[in-house]
Amino acid sequence: MGDQSYGSSSSFSTSSYKNVLCKCGEQPKIWTSTTKKNPGRHFIRCPNSLDSSKDCKFFVWVDEDLGLHRYKSKVNELNRENMDLFKENMILSKKNMELEKENICLQKKLMKLEVIEKKQIDMFMVKGTLGVLKYCKLV
1 MGDQSYGSSS
11 SFSTSSYKNV
21 LCKCGEQPKI
31 WTSTTKKNPG
41 RHFIRCPNSL
51 DSSKDCKFFV
61 WVDEDLGLHR
71 YKSKVNELNR
81 ENMDLFKENM
91 ILSKKNMELE
101 KENICLQKKL
111 MKLEVIEKKQ
121 IDMFMVKGTL
131 GVLKYCKLV
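Residue 46 in UniProt numbering sits at position 46 of the sequence shown, and the numbers go up by one each step.
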């Protein structure tokens, strides 16, 4: 705990820690952590822990690690979002397969229509040629 940095004493108070005494007989004071690792967490420590000559290391967190709860909450939120995206992906994949099948059917219909169109053009050309030939014989 020696590598912790601490802020000034906090207004945070709890009656359950008022009767706690350190091994050196002092009543610990409530503090608020200002470290990046534990921002805003409350802890108690002996006032003598600031004096290196007194060799007191009394230190206790008095609240839960809210950062851990925030991270767990965020992980749960991201897992829900991931599941929602997975479901959406499944729906879109199914829709994509349906559209691909429809596209294949439409391409087949288009090819049939192109064949019919070519036959009609060929028939028109034949009829036109026959018409010209008949006209030429009559003239």
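Idealized CB from N, CA, C, for every residue including glycine.
Asked, Found
"Does F43 come out as helix, strand or coil in the three-state DSSP assignment?", "strand"
"The beta strand (DSSP E) with V62 in it runs from where to where?", "Element bounds for V62: n/a, residue is neither H nor E."
"Looking at the structure shown, is G131 part of a helix, part of a strand, or coil, going by DSSP?", "helix"
"So is the beta-carbon of N48 under 6 Å away from any non-hydrogen atom of the ligand SAM?", "The ligand SAM is not part of the structure shown, which contains no ligands of any sort."
"Residues in the same chain with beta-carbon distance under 7 Å from C24, minus the five sequence neighbours each way, listed in chain order, please.", "C46, N48, K54, C56"
"Looking only at its own chain, which residues have a Cβ that is under 8 Å from the Cβ of C22, when we skip the five neighbours before and after it?", "P28, C46, N48, C56, F58"
"If you draw a straight line from the C-alpha of L106 to the C-alpha of D122, how long is it?", "24 Å"
"Helix, strand or coil, according to DSSP, for K18 in the structure here?", "coil"
"From the DSSP output, in three-state form, read off C136 for me.", "helix"
"Please report how far the alpha carbon of K94 lies from the alpha carbon of S73, in whole angstroms.", "32 Å"
"Could you pull out every residue in the same chain whose Cβ sits closer than 6 Å to the Cβ of I136, ignoring the five residues on either side in sequence?", "A quick correction: the sequence has Cys, not Ile, at residue 136. Within the same chain, C136 has no close Cβ partners at all."
"Would you call I44 buried or exposed, if buried means 16 or more other Cβ atoms sit within 10 Å of its Cβ?", "buried"
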